[in-house]
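Heads up: the structure comes next, in structure tokens.
Chains as they are written, first to last, in my numbering: chain A, 26 to 279; chain B, 62 to 418.
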């Protein structure tokens, strides 16, 4: 069941990752595969190890054991910069946007394009607008301060930023939390757009409705282990819930 | 549009819609854009740009003074206003950067005195002019460096750190001088503060140069953008790889350097080092910056605004004297203007961001 149906090299492969904090083992031999052009949902109860796993993938936490490979190449992350350089983009819940700055400036935060000593404003606004249109992210204008945008629009800007910076693997922590119905739909559209562009997307979500709507596969975490991986077309909510709560025993550990 | 222009309300013409025609959600985005513009009508044009309203206030005040005093608009008096205001302006350029980055430097008045006294002290003891200038500015840089390092690495709030530096520097000035003035100073030095070119004092050129460079850096360079990002959201700036600590420290260094530079210009202008110079100058500097529309909360501000703020203070001081208003009233008026300006800033922010500052 854990074997992906497609014989492809995953964009991101984590193999037998373990991590302990003191004598609490947060991750036990967890593996994960994210494929280009596919959305993988990571679900599980609080404390199941989702966040720790994502932090390992983002280079924030170094695992005690296990391997990471990107595009088939084994890598060791010494920090978030390494993960970023490898094309992993993490869109965290707090979004890390600057409200008083406009959309384009936020998208280029810390990487303001310049010609000689001066900011290339025209290039910046044009490129930002191109990317937003391309991803079908709708904001009133690239010149509107982010503080004036709705939650869904902000999420869109936060997602567009790593696209601009050439990210290939997107990790999103609860991208639809605290969003209304319409805004959620909007963010899911953006995620679908990333998939259509061949990006590998990993979405952490508590909302199974969202999971079944957007994900191709679901990886269930339970008590620091991978309880199972299912293709969404082969499973249903009750099976996933059972895996999360443990009423269905986990797949045989690989 | 430069980042400072977020002060300006987004107008309908600017909101080039990115959404496709006939999109079901398009209406809601139009609504967002409309909400912004109707807010504009609600709050009124006065609030649209703090700089515009400030300029209008200055012009009205100038009109009143001019009608009562024939001296006011003479070339000599206008130059006089510029010469008086330039000290506050030079320091306020640096203070604008510090405030936009979300910081605060209260020590500039005392560091001003350090620059003034250090250069005079060196000259009185026979140092040459170049060395005296370097010594004065160097001590200002040192004070700024200490401020920055303490704020960044000891995590002591800027208010406390620079308040401490205010006391330390003023104390050192009094210890070194014993409260006595330092004089005489050589003509080659005093000429820096008293000479003029094409009928305009050198002092005004220094202010223009510092202001122009500050404006260009803040509005048009990646550094200026990064300073705004730091003031707007320090965590986000750090997460985006902006060198937050290094930039923060350099801004306090810039603040110390320009304060000390302005101080030594004051020695040159007065032909002596006076231990009491720059007393409470920090309040004028911060007032000029805030009146000019820079937000105390970081992220928003401009050198243009600061120029107007400093001009406002200098014109107010001059105009009240010419209208024979008791000079003791000046502080009352400046204080009122300051609170009104901050009140407008707060109103603008709450209208714009729907947050409480």
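Glycine residues also receive a C-beta, built at the ideal position from the N, C-alpha and C atoms. Bear in mind the structure is a predicted one, so any value in this text is a computation, not a measurement.
From the listed residues B/328, B/157, B/243 and B/390, the smallest Cα separation to residue 289 of chain B is found for B/157. Within 10 angstroms of the beta-carbon of residue 198 of chain A lie 16 or more other beta-carbons, which makes it buried.
With its beta carbon less than 8 Å from one in chain B, residue 139 of chain A belongs to the interface. Nearest neighbour of residue 342 of chain B by Cα position, chosen from B/202, B/169 and B/252, turns out to be B/169. Under the three-state reduction of DSSP output, residue 328 of chain B falls in the helix class. Counting the other Cβ atoms within 10 Å of the Cβ of residue 270 of chain B gives fewer than 16, which makes it exposed.
Under the criterion of beta carbons closer than 8 Å, residue 119 of chain B and residue 379 of chain B do not qualify as touching, at roughly 12 Å. When DSSP reads this structure, residue 90 of chain A sits in a beta bridge with A/43.
In the DSSP annotation of this structure, the continuous segment of the beta strand (DSSP E) that includes residue 53 of chain A starts and ends at 49-59. If you look at residue 184 of chain B, you'll find it in the alpha helix (DSSP H) that goes 169-185. In terms of beta-carbon proximity, residue 289 of chain B lines the interface with chain A, with at least one pair separated by less than 8 Å.
As DSSP reads the structure, residue 127 of chain A sits in a beta bridge with A/170.
Residues of the region 189-212 of chain A whose Cβ lies closer than 8 Å to any Cβ of chain B, in chain order: 207 and 211.
The beta-carbon separation of residue 236 of chain A and residue 68 of chain A, rounded to 6 Å, stays under the 8 Å limit for a contact. Per DSSP, residue 225 of chain A is one residue of the beta strand (DSSP E) stretching across 225-229. Distances from the alpha-carbon of residue 220 of chain A to those of A/57, A/228 and A/61 put A/61 closest.
Check the Cα spacing between residue 186 of chain A and each of B/385, B/300, B/363 and B/376: the tightest is with B/300. Residues of chain B with a Cβ closer than 7 Å to the Cβ of residue 143 of chain A are, in chain order, 281 and 282.
In the three-state DSSP reduction, residue 263 of chain B falls in the helix class (H, G or I). Three or more Cβ pairs closer than 8 Å define a contact, and the region 129-139 of chain B falls short of that threshold against the region 179-198 of chain B. Within the same chain, and ignoring the five residues on either side of residue 146 of chain B in sequence, the residues whose Cβ sits closer than 7 Å to its Cβ are 371, 372, 374 and 375.
Taking one beta carbon from each stretch, the region 316-326 of chain B and the region 149-167 of chain B have 3 or more pairs nearer than 8 Å; the two touch. Within chain B, the C-beta atoms nearer than 9 Å to that of residue 126 of chain A come from 64, 67, 286, 289, 290, 293, 294 and 360, in chain order.
Neighbours of residue 160 of chain A in chain B, taken as residues whose beta carbon is under 8 Å from its own, are absent, since the nearest beta carbon is some 10 Å off.
For residue 228 of chain B, the CB contacts under 8 Å within the same chain, skipping 5 residues up- and downstream, are 171 in chain order.
At a cut-off of 8 Å between beta-carbon atoms, residue 77 of chain A makes no contact with chain B.
Of the candidates B/251, B/203 and B/263, the residue whose Cα lies closest to the Cα of residue 144 of chain B is B/263. Residue 46 of chain A sits exposed, since fewer than 16 C-beta atoms from the chains shown fall within 10 Å of its C-beta. Taking a C-beta distance under 8 Å as the contact criterion, residue 196 of chain A and residue 82 of chain A qualify as a contact pair. The continuous beta strand (DSSP E) containing residue 253 of chain A extends over residues 250-256.
The beta-carbon of residue 318 of chain B is placed no less than 8 Å from the nearest beta-carbon of chain A. DSSP places residue 77 of chain A within a helical segment (H, G or I) once states are collapsed to three. In the three-state DSSP reduction, residue 244 of chain A falls in the strand class (E or B). Considering only B/397, B/332 and B/310, the residue with the shortest C-alpha distance to residue 352 of chain B is B/397. Among the residues facing chain A, residue 303 of chain B is included, as its CB has a counterpart in that chain under 8 Å away. When C-beta atoms of the region 307-316 of chain B are compared with those of the region 163-172 of chain A, fewer than three pairs fall below 8 Å, so the two segments do not count as touching.
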